[in-house]
Amino acid sequence: MPSPSALLAWYDRHRRTLPWRALSGERTDPYRVWLSEIMLQQTTVRAVAPYYTRFLARWPDVRALAAAPLDDVLKAWAGLGYYARARNLHACARAVVERHGGAFPSDQAALRALPGVGDYTAAAIAAIAFDVAASPVDGNIERVVARLFAVEEPLPGAKPRLRQLARTITPQRRPGDFAQAMMDLGASLCSPKKPACALCPWNENCTAFARGDAETFPRRAPKRDGALRRGAAFVVCRADGCVLLRKRAAKGLLGGMTEVPTTAWSADFDEDEALSLAPILSSSDRSRKGGIAWRRVAGIVRHVFTHFPLELSVYVAEVTAETPAPPGARWAKISQFGGEALPSLMRKVVAHAFDT
Ligand code: SF4
Numbered sequence: 331m332p333s334p335s336a337l338l339a340w341y342d343r344h345r346r347t348l349p350w351r352a353l354s355g356e357r358t359d360p361y362r363v364w365l366s367e368i369m370l371q372q373t374t375v376r377a378v379a380p381y382y383t384r385f386l387a388r389w390p391d392v393r394a395l396a397a398a399p400l401d402d403v404l405k406a407w408a409g410l411g412y413y414a415r416a417r418n419l420h421a422c423a424r425a426v427v428e429r430h431g432g433a434f435p436s437d438q439a440a441l442r443a444l445p446g447v448g449d450y451t452a453a454a455i456a457a458i459a460f461d462v463a464a465s466p467v468d469g470n471i472e473r474v475v476a477r478l479f480a481v482e483e484p485l486p487g488a489k490p491r492l493r494q495l496a497r498t499i500t501p502q503r504r505p506g507d508f509a510q511a512m513m514d515l516g517a518s519l520c521s522p523k524k525p526a527c528a529l530c531p532w533n534e535n536c537t538a539f540a541r542g543d544a545e546t547f548p549r550r551a552p553k554r555d556g557a558l559r560r561g562a563a564f565v566v567c568r569a570d571g572c573v574l575l576r577k578r579a580a581k582g583l584l585g586g587m588t589e590v591p592t593t594a595w596s597a598d599f600d601e602d603e604a605l606s607l608a609p610i611l612s613s614s615d616r617s618r619k620g621g622i623a624w625r626r627v628a629g630i631v632r633h634v635f636t637h638f639p640l641e642l643s644v645y646v647a648e649v650t651a652e653t654p655a656p657p658g659a660r661w662a663k664i665s666q667f668g669g670e671a672l673p674s675l676m677r678k679v680v681a682h683a684f685d686t
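Every position in the sequence shown, counted from 1, becomes a number in our numbering once 330 is added.
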């Protein structure tokens, strides 16, 4: 189990100096914690720093901010993005004055009830400003926890599990520093691509590091919202019941699998160009004068890959039993397709060709 004291000892030596972070032994101001956490939502430390300094100089406490005209707050926020945050910031300052007499509550539920304050921000304010044993879990901390426990469940479904695991390692002693130490670890050593595990205070207790695949965590559910790609597939049927097949390149999508010839799959595929990309076959049928008669099959074959949906139009041609396969392709008996490494997309294409 990762030891909180090991992380706290590391934090005491390596903590980041941030404009909103109280110095060691200094009193933490909930207003400053709240202001910084709202500004840091979807925004980098570097972008936030000058805005934070300007806001604090102009509105040094929550009462001053609550008394400010909304327009002034919006103007001061200009350039920081996600402007709903600025409206909520102002509404929240007013709510703190009206509901809580100008003092931020320490209770997570009461914090959560304020405008613009979600689970993460409520836990961060409770922990950092009031030293409550709360566990703020943002994307960086999800990554740290997923690696510590080698959580195989993919995001976003794993979020409740990651929050629960974060709670199991949150100490009663110095929970505010522990929350900031987790933030610092996620923002520095435990980086997304090349975690510096050799320097990590938890490397003896990290399951993913022990396995050697830390950078593969957290797992993520496949995205299914990539841009649509389109292309054409060519099903050439020989008179003896064979279909023309070829092998895909070893690397890349469906690497090394078998396919019927296709065009490239792209967002800007031009159907009018499809036949110029068809395989070149020499028919022994003299009546065609060497040409191949392609027929476009009505309809489309749709398939969804991990990162994009695909639509293929299908063209069919019939050739004589003597027609040789072009270079890089071969004939395969359709009755023996069960033994071919045909991905489901290609099975759909062949089925579509023969269905009509
Ligand atoms: Fe992250 Fe590596 Fe530390 Fe594990 S050992 S928490 S992967 S930096």
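Beta carbons are placed, not taken as given, at the ideal position from N, Cα and C, and that holds for glycine.
Just so you know, these numbers come straight off a predicted model, no measurement behind them.
| field | Host alpha helix (DSSP H) of residue 581 (start-end) | value | Your numbering for residue 581 matches position 251 in the sequence shown. No residue range can be given for residue 581, since it is assigned to no alpha helix (DSSP H) and is classified by DSSP as neither H nor E.
| By DSSP, does residue 532 sit in helix, in strand, or in coil? | Within the sequence shown, numbered from 1, the residue matching residue 532 stands at position 202. Residue 532 falls in the coil class under three-state DSSP.
| request: Select from 475, 637, 385 and 643 the residue whose C-alpha is nearest the C-alpha of residue 602. | output: Within the sequence shown, numbered from 1, the residue matching residue 602 stands at position 272. Cα-wise, what sits closest to residue 602 is 643.
| request: Measure the Cβ-Cβ separation of residue 539 and residue 476 and say whether it is below 7 Å. | output: Taking the sequence shown and counting its residues from 1, one reaches residue 539 at position 209. Taking the sequence shown and counting its residues from 1, one reaches residue 476 at position 146. Taking 7 Å as the cut-off, the Cβ atoms of residue 539 and residue 476 do not count as close.
| request: Starting from residue 381, trace the alpha helix (DSSP H) both ways and give me its first and last residue. | output: Residue mapping note: residue 381 aligns to position 51 of the sequence shown, counting from 1. Looking at the DSSP string, the run of the alpha helix (DSSP H) that includes residue 381 is 375-388.
| said: Could you tell me the alpha carbon to alpha carbon distance between residue 599 and residue 487, rounded to whole angstroms? | reply: In the sequence shown, residue 599 corresponds to position 269, counting from 1. In the sequence shown, residue 487 corresponds to position 157, counting from 1. Rounded to the nearest angstrom, the gap between the Cα atoms of residue 599 and residue 487 is 35 Å.
| said: Helix, strand or coil for residue 564? Go by DSSP, reduced to three states. | reply: On the sequence shown, position 234 is the one that residue 564 refers to. Collapsing the DSSP output to three states places residue 564 in a strand.
| Using the rule of at least 16 other Cβ atoms within 10 Å of the residue's Cβ for burial, across every protein chain shown, is residue 506 buried or exposed? | For the purposes of this step, residue 506 is taken as residue 176 along the sequence shown, with counting starting at 1. By the 10 Å Cβ count, residue 506 comes out buried.
| Enclosing beta strand (DSSP E) for residue 663 [first to last residue] | As a first step, residue 663 is located in the sequence shown; it is residue number 333 there, counting from the start. From DSSP, the beta strand (DSSP E) with residue 663 extends over 659-663.
| said: Tell me which residue opens and which closes the alpha helix (DSSP H) that residue 415 is part of. | reply: Here residue 415 corresponds to residue number 85 of the sequence shown, with the count starting at 1. Start and end: 414-430.
| task | May I have the straight-line CA-CA distance separating residue 590 from residue 604, to the nearest angstrom? | result | Here residue 590 refers to the residue found at position 260 when the sequence shown is read from its first residue. Here residue 604 refers to the residue found at position 274 when the sequence shown is read from its first residue. Take the alpha-carbon of residue 590 and the one of residue 604: they are about 15 Å apart.
| message | According to DSSP, simplified to helix, strand and coil, what is residue 637? | response | Taking the sequence shown and counting its residues from 1, one reaches residue 637 at position 307. Correct three-state label for residue 637: coil.
| request: Please find out if some non-hydrogen atom of the ligand SF4 comes closer than 6 Å to the beta-carbon of residue 538. | output: Your numbering for residue 538 matches position 208 in the sequence shown. For residue 538, the shortest separation between its Cβ and any heavy atom of the ligand SF4 lies below 6 Å.
| query | How about the segment 402-411 and the segment 425-436: do they share at least three Cβ pairs that are nearer than 8 Å? | reply | Too few Cβ pairs lie closer than 8 Å, so no.
| task | Helix, strand or coil for residue 272, going by three-state DSSP, please let me know. | result | Nothing about residue 272 can be read from this structure; the chain reaches only from 331 to 686.
| field | Beta-carbon proximity of residue 563 to residue 679, cut-off 7 Å | value | The count along the sequence shown starts at 1 and reaches residue 563 at position 233. The count along the sequence shown starts at 1 and reaches residue 679 at position 349. Contact flag set, yes.
| request: Please work out which residues of its chain come closer than 7 Å, Cβ to Cβ, to residue 391, disregarding the five sequence neighbours upstream and downstream, and give them in chain order. | output: Counted from its first residue, the sequence shown places residue 391 at position 61. Excluding sequence neighbours, residue 391 sits near 361.
| task | Taking only the alpha-carbon atoms, compute the straight-line gap between residue 684 and residue 660 and give it to the nearest angstrom. | result | Counting from one through the sequence shown, the residue named residue 684 turns up at place 354. Counting from one through the sequence shown, the residue named residue 660 turns up at place 330. The straight-line gap from Cα to Cα measures roughly 19 Å.
| query | Near residue 675, which residues of its chain fall below 6 Å by C-beta distance, leaving aside the five closest residues on each side in sequence? | reply | Mapped onto the sequence shown, residue 675 falls at position 345. Counting only Cβ-Cβ distances below 6 Å, and skipping sequence neighbours, we find 633.
| Rounded straight-line distance, which links the Cα of residue 442 to that of residue 397 | Indexing the sequence shown from 1 puts residue 397 at position 67. Indexing the sequence shown from 1 puts residue 442 at position 112. Distance between the alpha carbons of residue 397 and residue 442: 22 Å.
| Reduced DSSP category for residue 334 - H, G, I as helix; E, B as strand; rest coil | Here residue 334 is taken as the residue at index 4 of the sequence shown, counted from 1. Here residue 334 sits in helix by DSSP.
| task | For residue 624, collect the residues of the same chain with a Cβ closer than 8 Å to its Cβ; drop the 5 residues on either side in sequence, then sort them by chain order. | result | Here residue 624 corresponds to residue number 294 of the sequence shown, with the count starting at 1. Its chain contains 564, 605, 608, 645, 646 and 647 as the residues whose beta carbon lies nearer than 8 Å to that of residue 624, once the 5 sequence neighbours on both sides are disregarded; these appear in chain order.
| message | Please report the straight-line C-alpha distance between residue 641 and residue 585, rounded to a whole angstrom. | response | What you label residue 641 is simply residue 311 of the sequence shown in a count that begins at 1. What you label residue 585 is simply residue 255 of the sequence shown in a count that begins at 1. Each residue's Cα considered, the two are about 19 Å apart.
| To the nearest angstrom, how far is it from the Cα of residue 672 to the Cα of residue 650? | Reading the sequence shown from its first residue, position 342 is the one you call residue 672. Reading the sequence shown from its first residue, position 320 is the one you call residue 650. If you draw a straight line from the Cα of residue 672 to the Cα of residue 650, it is about 24 Å long.
| request: Compare the C-alpha of residue 596 against each of 582, 479 and 638 and name the closest. | output: Residue mapping note: residue 596 aligns to position 266 of the sequence shown, counting from 1. Cα-wise, what sits closest to residue 596 is 638.
| Which parts of the segment 452-530 are runs of the alpha helix (DSSP H), unbroken and 4 residues or longer, counting only runs that do not cross its ends? | Counting only unbroken stretches of 4 or more residues, the alpha helix (DSSP H) elements lying wholly within the segment 452-530 are 469-478, 489-499 and 505-517, in sequence order.
| Which residue or residues does DSSP assign as beta-bridge partners of residue 574? | Residue numbering aside, residue 574 sits at position 244 when the sequence shown is read from its first letter. DSSP, once it has assigned bridges, lists 661 as partnering residue 574.
| message | Following a CB-centred definition, is residue 477 positioned closer than 6 Å to any heavy atom of the ligand SF4? | response | In the sequence shown, residue 477 corresponds to position 147, counting from 1. Within the cutoff, so yes.
| query | Taking contact to mean at least 3 C-beta pairs separated by less than 8 Å, is the segment 351-367 in contact with the segment 377-391? | reply | The answer is yes - the segment 377-391 touches the segment 351-367, with three or more Cβ pairs under 8 Å.
| If you compare alpha carbons, which of 452, 359 and 520 is closest to residue 459? | Within the sequence shown, residue 459 is the residue found at index 129, counting from 1. The option with the nearest alpha carbon to residue 459 is 359.
| Where does residue 626 sit, in a helix, a strand or coil, going by DSSP? | The sequence position of residue 626 within the sequence shown is 296, counting from 1. Secondary structure at residue 626: strand, using DSSP grouped into helix, strand and coil.
| said: Taking 6 Å as the cut-off, is the C-beta of residue 338 nearer than that to any heavy atom in the ligand SF4? | reply: Locating residue 338 in the sequence shown gives position 8, where the first residue counts as 1. Checking the Cβ of residue 338 against the ligand SF4 gives no.
| For the alpha helix (DSSP H) that residue 403 lies in, which residues bound it at each end? | Taking the sequence shown and counting its residues from 1, the one referred to as residue 403 is at position 73. It spans 400-407 - the alpha helix (DSSP H) in which residue 403 sits, taken as one unbroken run.
| query | Looking at residue 484 and residue 541, is the spacing between their C-beta atoms short of 7 Å? | reply | Against the sequence shown, residue 541 aligns to sequence position 211. Against the sequence shown, residue 484 aligns to sequence position 154. For the 7 Å CB-CB criterion, residue 541 and residue 484 do not form a contact.
| Same chain, Cβ closer than 7 Å to residue 457, neighbours up to 5 away in sequence not counted | Here residue 457 refers to the residue found at position 127 of the sequence shown. Contacts found: 464, 466, 505, 506 and 509.
| field | DSSP beta-bridge partners of residue 648 | value | Within the sequence shown, numbered from 1, the residue matching residue 648 stands at position 318. Beta-bridge pairing links residue 648 to 567.
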